[in-house]
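Data block below; observations after.
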Amino acid sequence: MLLWAYVDPTHGKPWIAASLQVAHMSRRGTYWAKMLHKWARDFISTRMYPENLYDTWHKTLITNKDFKQELNTYLQSVEPSGQYVNGYEHKDVKDYRQNVFLPEMAKYEHRIRAYDNEGNELPRRWPHDMDDGLRPYEDIHVLWYHDESTFYANDRCKVGWVHSTAKAVPRAKGEGPSIMAADFVSADYGWLRSPDCTESARVLFKAGVERQGYFTNSDVLAHAHKAMDILDKHHPHEKHVLIFEKTQQLTENVLMMPFQLEKCQKAHPGVWIQIKLVKEWAPMANRSFADGREQAFYFPEGHPQAGIFKGMATILEECGYDISGKNSECEGFRCKPGATDCCCRIQ
10 MLLWAYVDPT HGKPWIAASL QVAHMSRRGT YWAKMLHKWA RDFISTRMYP ENLYDTWHKT
70 LITNKDFKQE LNTYLQSVEP SGQYVNGYEH KDVKDYRQNV FLPEMAKYEH RIRAYDNEGN
130 ELPRRWPHDM DDGLRPYEDI HVLWYHDEST FYANDRCKVG WVHSTAKAVP RAKGEGPSIM
190 AADFVSADYG WLRSPDCTES ARVLFKAGVE RQGYFTNSDV LAHAHKAMDI LDKHHPHEKH
250 VLIFEKTQQL TENVLMMPFQ LEKCQKAHPG VWIQIKLVKE WAPMANRSFA DGREQAFYFP
310 EGHPQAGIFK GMATILEECG YDISGKNSEC EGFRCKPGAT DCCCRIQ
């Protein structure tokens with residue numbers, strides 16, 4: 010229309026005047042007239058009509074090849090969030106890592122096998138100040154790490170793409186029942202197995218109050234004995250170190266944690282557990298001293314207070330601690346840094 014208004018032999022007008030007239034007829038302004046200039050020049054040079062963008066914003070961007078490629082690249086780059094590091098920056102955790110764990114692991118640095126990125130064993134380096142008299146072929150240590158993983162019946166990918174014609178599939182709500190797999194793994198042999206794979210250290214455990222209970226200290230000890238039996242039978246020529254994560258369930262007795270005990274005697278100490286919606290009282294098991302003697306937490310039969318909990322004070326005194334004048338715990342469980350005898354809890 011602009012070109013006709015410009016070249017009309019009878020009513021033709023100059024270029025700018027013609028564009029303003031056409032814009033006015035379309036109820037537009039000067040900006041529209043400038044765009045008419047551009048579209049007209051493009052048509053004269055390419056003989057291609059301008060693309061009409063009307064209604065294009067209602068179409069999905071997935072049909073755009075460039076956008077589709079960028080989207081696929083992004084989806085391939087999405088990775089799990091990994092492990093959060095906040096807990097590993099706590100003062101007590103850093104102190105244990107720097108002053109206990111790392112020095113202990115350094116003792117085995119020249120006693121374990123090392124591998125390159127291709128899985129080839131590297132020659133071991135022996136420190137010059139090594140004076141333990143052990144020969145290289147007598148001093149191989151294998152580090153076995155205890156690993157626990159829990160899997161749920163309804164584990165699933167919560168984000169994904171489906172076909173446009175796919176229908177919603179009903180699925181169970183919640184995580185569902187769980188199963189825990191505990192095993193030992195090393196860089197030398199992988200998962201702890203016999204050479205013919207007929208014996209395995211893996212343990213499957215159904216955790217829950219109405220199932221197999223919880224994986225306690227006794228279960229960890231039984232798992233360690235199972236692993237040691239396999240190692241003694243199939244790898245007796247090496248020394249083995251079992252490494253466990255430092256958690257409450259791996260302590261000598263999780264029920265012996267001081268903040269769970271009463272300082273004074275109590276008629277019904279213990280832990281209330283709920284099994285199949287029926288509450289039952291479970292007494293705490295005895296512990297053992299370093300020399301093998303057992304220590305009971307309740308007064309024995311024949312005692313005037315038979316069956317009564319001894320209390321934390323009596324238990325610690327039997328262990329040789331002097332707790333006179335001490336509180337059962339510091340306020341808010343916050344002992345002063347470096348304190349070793351401020352309360353009964355620190356024992």
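Using the numbering used here, the first residue of the sequence shown is number 10, and each one after it goes up by one. Glycine included, each C-beta is placed from N, C-alpha and C at the ideal position.
Neighbourhood of residue i by C-beta, 7 Å cutoff - its chain only, sequence neighbours within 5 removed
{"i": "LEU131", "result": "ALA123, TYR124, ASP125"}
{"i": "LYS272", "result": "Confidence is the limiting factor: at LYS272 the pLDDT is only 45, short of 50, which leaves the residue's position unreliable, though a coordinate-based value still follows. Contacts found: GLY320, MET321, ALA322, SER337, CYS353."}
{"i": "LEU143", "result": "Residue placement at LEU143 is poorly supported in this model, since its pLDDT is 48, which falls under 50; the coordinates are not used for a value here."}
{"i": "PRO204", "result": "HIS243"}
{"i": "MET265", "result": "At MET265 the pLDDT is 40, less than 50, meaning the model places this residue with poor confidence and gives no usable figure here."}
{"i": "LEU12", "result": "ALA49"}
{"i": "LYS335", "result": "CYS352, CYS353"}
{"i": "TRP24", "result": "TYR15"}
{"i": "HIS20", "result": "none"}
Supposed contact pair residue j and residue i - C-beta distance, whole angstroms, cut 8 Å
{"i": "LEU213", "j": "ALA233", "result": "Actually they are not in contact, since the Cβ atoms of LEU213 and ALA233 sit about 17 Å apart, beyond 8 Å."}
{"i": "CYS352", "j": "GLU338", "result": "5 Å"}
{"i": "ALA236", "j": "LEU201", "result": "6 Å"}
{"i": "SER187", "j": "PHE160", "result": "7 Å"}
{"i": "ASP192", "j": "ALA216", "result": "The Cβ separation is near 16 Å, so there is no contact."}
{"i": "ALA27", "j": "ALA14", "result": "4 Å"}
{"i": "LYS43", "j": "GLN30", "result": "Going by Cβ atoms, the distance from LYS43 to GLN30 rounds to 14 Å, so no, they are not a contact pair."}
Beta-bridge pairing of residue i - partner residues as DSSP gives them
{"i": "ASP1", "result": "Summary: the structure shown does not reach residue 1, with the chain confined to residues 10 through 356, and so no result is reported for it."}
{"i": "GLY21", "result": "Paired residue(s): none; GLY21 is not in a bridge."}
{"i": "ASN336", "result": "CYS352"}
{"i": "ALA14", "result": "The partner list for ALA14 (beta bridge, DSSP) is empty, contrary to what the question assumes."}
{"i": "HIS249", "result": "VAL151"}
{"i": "ALA123", "result": "LEU131"}
{"i": "TYR161", "result": "SER187"}
{"i": "GLY199", "result": "SER195"}
{"i": "GLY222", "result": "GLY217"}
{"i": "ARG296", "result": "GLN304"}
{"i": "ALA231", "result": "For ALA231, which the question treats as bridged, DSSP gives no partner whatsoever."}
{"i": "ALA315", "result": "DSSP output for ALA315 lists no bridge partner at all."}
{"i": "SER209", "result": "ARG202"}
Collapsed DSSP secondary structure at residue i in the structure displayed
{"i": "TYR330", "result": "coil"}
{"i": "CYS351", "result": "coil"}
{"i": "GLN304", "result": "strand"}
{"i": "LYS215", "result": "coil"}
{"i": "GLY432", "result": "For residue 432 there is no data in the structure shown, the boundaries of the chain being 10 and 356."}
{"i": "LYS242", "result": "helix"}
{"i": "VAL109", "result": "helix"}
{"i": "PHE342", "result": "helix"}
{"i": "VAL87", "result": "coil"}
{"i": "ALA322", "result": "helix"}
{"i": "VAL178", "result": "coil"}
{"i": "VAL171", "result": "coil"}
{"i": "LYS103", "result": "helix"}
Beta-carbon contacts of residue i that lie in its chain and below 6 Å, excluding the five residues immediately before and after
{"i": "ALA348", "result": "none"}
{"i": "LEU70", "result": "PHE76"}
{"i": "ARG120", "result": "ASP148, HIS150"}
{"i": "SER240", "result": "One point to set straight first is that residue 240 is Leu, not Ser, in the sequence displayed. Hits under 6 Å: HIS249."}
{"i": "ILE332", "result": "ALA322, LEU325, CYS353"}
{"i": "ASN81", "result": "none"}
{"i": "ALA305", "result": "ASN295"}
{"i": "ALA115", "result": "none"}
Neighbourhood of residue i by C-beta distance below 8 Å, restricted to the same chain and skipping five residues each side
{"i": "TYR117", "result": "HIS150, LEU152, VAL250"}
{"i": "SER195", "result": "VAL151, LEU152, TRP153, TYR154, LEU201"}
{"i": "ASN262", "result": "Below a pLDDT of 50, predicted positions are generally treated as unreliable, and ASN262, at 44, falls in that range; no measurement from the model is reported."}
{"i": "ILE284", "result": "Interpretation of ILE284 is limited by its pLDDT of 45, a score under 50 that renders its predicted location unreliable; the figure taken from the coordinates is listed afterwards. Excluding positions up to five away in sequence, the list reads VAL218, GLU219."}
{"i": "PRO309", "result": "ALA315"}
{"i": "LYS345", "result": "CYS339, CYS351"}
{"i": "ASP51", "result": "MET57, PRO59"}
{"i": "VAL303", "result": "Correcting the residue identity first, residue 303 is Glu in this sequence and not Val. Taken in chain order, the residues that qualify are ASN295, ARG296, SER297."}
{"i": "ASP156", "result": "ALA191, ASP192, PHE193, VAL194"}
{"i": "LEU45", "result": "LEU11, SER28, VAL31, ALA32"}
{"i": "ILE252", "result": "LEU152, TRP153, TYR154, HIS155"}
{"i": "SER35", "result": "TRP41"}
request  = Kindly provide the ranges of any alpha helix (DSSP H) runs that are 4 or more residues long and lie completely inside the stretch 25-81, ordered along the chain.
outcome  = 39-55
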